[in-house]
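Chains as they are written, first to last, in the working numbering: chain B, 1 to 284; chain E, 1 to 162.
Working notes, beginning with the structure itself.
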Amino acid sequence: MQFCRAETLEAAFEALSNWGADGKVLAGGTDVMVQYLHGEIAPKALIHIEGIHALSAVSTQGRTALGALTTHRTLGSMPTLVARHPALAAAAATVGGWQTQVKGTVGGNLCNASPAADTLPPLLIADTHVTLSCVGGERRLPLGEFILDRRSTALAANELLTSLDLEPLPEGSAEVYVKLGRRGAMEVAVVGLAVRIGFSEDGVVDSARIAMCSVGPVPRRIPDAEAVLIGSKLDATVLDAAGEALTAAARPIDDARATAAYRRRTLRGLLGSAARQCQEQVQR
Amino acid sequence: MTTESFIHLAVEVNGTSRQLSVRADETLLETLRVGLGLTGTKEGCLEGECGACTVLLDDEPVDSCLLATAAIEGRRVRTVESLSTGEELGRLQQAFLDHGAVQCGFCTPGFLMTLTALLEHEPAPPPSDIRKAIAGNICRCTGYRQMIEAVVAAAGGDEVQR
Numbered sequence: 001m002q003f004c005r006a007e008t009l010e011a012a013f014e015a016l017s018n019w020g021a022d023g024k025v026l027a028g029g030t031d032v033m034v035q036y037l038h039g040e041i042a043p044k045a046l047i048h049i050e051g052i053h054a055l056s057a058v059s060t061q062g063r064t065a066l067g068a069l070t071t072h073r074t075l076g077s078m079p080t081l082v083a084r085h086p087a088l089a090a091a092a093a094t095v096g097g098w099q100t101q102v103k104g105t106v107g108g109n110l111c112n113a114s115p116a117a118d119t120l121p122p123l124l125i126a127d128t129h130v131t132l133s134c135v136g137g138e139r140r141l142p143l144g145e146f147i148l149d150r151r152s153t154a155l156a157a158n159e160l161l162t163s164l165d166l167e168p169l170p171e172g173s174a175e176v177y178v179k180l181g182r183r184g185a186m187e188v189a190v191v192g193l194a195v196r197i198g199f200s201e202d203g204v205v206d207s208a209r210i211a212m213c214s215v216g217p218v219p220r221r222i223p224d225a226e227a228v229l230i231g232s233k234l235d236a237t238v239l240d241a242a243g244e245a246l247t248a249a250a251r252p253i254d255d256a257r258a259t260a261a262y263r264r265r266t267l268r269g270l271l272g273s274a275a276r277q278c279q280e281q282v283q284r
Numbered sequence: 001m002t003t004e005s006f007i008h009l010a011v012e013v014n015g016t017s018r019q020l021s022v023r024a025d026e027t028l029l030e031t032l033r034v035g036l037g038l039t040g041t042k043e044g045c046l047e048g049e050c051g052a053c054t055v056l057l058d059d060e061p062v063d064s065c066l067l068a069t070a071a072i073e074g075r076r077v078r079t080v081e082s083l084s085t086g087e088e089l090g091r092l093q094q095a096f097l098d099h100g101a102v103q104c105g106f107c108t109p110g111f112l113m114t115l116t117a118l119l120e121h122e123p124a125p126p127p128s129d130i131r132k133a134i135a136g137n138i139c140r141c142t143g144y145r146q147m148i149e150a151v152v153a154a155a156g157g158d159e160v161q162r
């Protein structure tokens, strides 16, 4: 296997063109190295992009722009990001331990497309778009169209995910990420749920976004559940109905962490808790 | 026939500049233990779950089992061997001994490196921050409490109430 150190975007694009599907982009390595060492992937070249400084840039003018190399540590601790994207910050702070968070990148987390990716639900409720770049140019896709299936994305072999842009939390809105796990550290989510709710001045829900992970092959938004909340004041009957819509949309599996039935049973309670937290934060 | 290509790079290890020649898929853990004979860093799970292989890369703790050595050209690595001077243990190491924070000892080098980073970032961390910092290190013997007491003591703080 070859090791290509790309220090510029041009060098990365050239390596991607040369190696095609035989090349594997390496950023922090917290997923790629595990997969390589376990024999799950066998690339002919690792294309190391961590040295491309432009990919670590963060901008908080207008929509938030995150370079693909933004680490989980930065997402979870940079004050302007924590203020604009509290659910994303909370989710990033639960990905592995300190060791994982300083190496693992948001771009890597997206390209890995794990059903349990903690950053995906909070990114989905922030209307995230991704920019994919190659020698000839670039294209911008809604995140929901980038993740195609379990561990499958729209990224072409010659493309690099270079940045993300997100809508910051608007005035009068709140968002939370609730993660159900087994031990409170080094957790792969049993269920992850991100909720962003906007309220009018009299406390009526005027916008709602709900996304979940670990309950299907692809983390995604659930419009049926979102629609139930709009126009309500989050009464118990409304939350129950939204929880039912969420449960109906879930496609969980049995695995080492939990059964599918257990995951389904938790959704209603998690949604109720998340929605109440949003309500309390806005009232405060 | 396949020819293996080696990557040449310079890395600072425990204050000394080293010229390394490594395979593309060689991990820093292997380079340290096999290439440089620094066997204080331990191999645990080999998948970034246990923290036994933790070393400091430019002052941040990382799992050396998941780090390609070829990816760290020009960077600074510190291992558990850097904490003592000859026979004299570092402050945190001595506090671990004094507080019974070492039982089988296999996880100890990883904990020492994570906690060294913590004390450098935050000289007097409260127990809650200590617990958060070691979320990525697993110990199956001590139950962690003695380690937290050791860190508080090494930081010059009051004894933790049991």
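In this text, a Cβ means the ideal position worked out from N, Cα and C, and glycines have one as well.
- Straight-line spacing of the CA atoms in E:R33 and B:Q35 works out to 22 Å.
- Taking a Cβ-Cβ threshold of 8 Å, none of the residues of chain B is close to E:A52; the smallest such distance is about 11 Å.
- Counting along the chain, the unbroken alpha helix (DSSP H) around E:I130 starts and ends at 127-133.
- Contact fails between the stretch 129-138 of chain B and the stretch 143-155 of chain E, because fewer than three Cβ pairs, one in each stretch, are under 8 Å apart.
- For a Cβ distance threshold of 7 Å, nothing in chain B lies close to E:L115: the least Cβ distance comes to about 10 Å.
- Taking B:L81 as reference, the option from B:G96, B:A242, B:A65, B:S200 with the minimal CA-CA separation is B:A65.
- According to DSSP, residue pairing for B:T266 in a beta bridge does not occur.
- Not one beta carbon of chain B lies nearer than 9 Å to the beta carbon of E:I130.
- Within chain B, the residues G29, T30, M33, V34 have their CB atoms less than 7 Å from the CB of E:L66, given in chain order.
- Distances from the alpha-carbon of E:G136 to those of E:P61, E:R18, E:N14 put E:P61 closest.
- Relative to B:E175, the option among B:V282, B:L229, B:V218 whose CA is nearest is B:V282.
- Taking the beta carbon of B:M212 as reference, no residue of chain E falls within 7 Å; the closest one sits roughly 24 Å away.
- Around B:Q2, the same chain offers K44, A45 as residues with beta carbons nearer than 7 Å, after the five sequence neighbours per side are excluded.
- Residues of the stretch 30-48 of chain E whose Cβ lies closer than 8 Å to any Cβ of chain B, in chain order: L46, E47, G48.
- Residues of chain B whose Cβ lies closer than 8 Å to the Cβ of E:A133 are, in chain order, W98.
- Counting along the chain, B:M33 sits inside the alpha helix (DSSP H) bounded by residues 32-37.
- Taking C-beta atoms as the reference points, B:G67 and B:T162 count as a pair closer than 9 Å.
- Excluding sequence positions up to five before and after B:L26, its CB lies within less than 6 Å of the CB of V32, L46, H48, all in the same chain and listed in chain order.
- In this structure, B:L239 lies away from B:A250, with their beta-carbon atoms at least 9 Å apart.
- Where E:M113 is concerned, there is no enclosing beta strand (DSSP E), although the alpha helix (DSSP H) around it starts and stops at 108-121.
- Beta-bridge annotation (DSSP): B:R221 is paired with B:A211.
- Neighbours of B:M1 across chain E, judged by C-beta separation under 7 Å: A24, D25.
- B:R263 is not a Cβ neighbour of B:V178, given a cutoff of 9 Å.
- Taken through DSSP and simplified to helix, strand or coil, B:A274 comes out as helix.
- Listed along chain E, no residue sits closer than 9 Å to B:H85 by beta-carbon distance, the nearest being about 20 Å off.
- Membership of B:V102 in the alpha helix (DSSP H) is indicated by the continuous run 98-103.
- At least one beta carbon of chain E lies nearer than 9 Å to the beta carbon of B:L46.
- In terms of Cα proximity to B:P121, the closest of B:L164, B:D165, B:R221 is B:R221.
- Close partners of B:M186 in chain E (Cβ separation under 8 Å): E49, A135, G136, I138.
- Following the DSSP letters along the chain, one finds B:G198 in no alpha helix (DSSP H) but inside the beta strand (DSSP E) bounded by residues 191-199.
- Inter-residue distance for B:L55 and E:D63 is about 23 Å (C-alpha atoms, whole angstroms).
- E:L83 and E:Q93 have their C-alpha atoms spaced approximately 8 Å apart.
- In terms of Cβ geometry, B:L271 and B:V195 form a close pair [threshold 9 Å].
- In this model, B:D202 and B:A275 are separated by some 16 Å (Cα to Cα).
- The DSSP-derived three-state label of E:D98 is helix.
- Between B:R196 and chain E, the shortest Cβ-Cβ separation is not below 9 Å.
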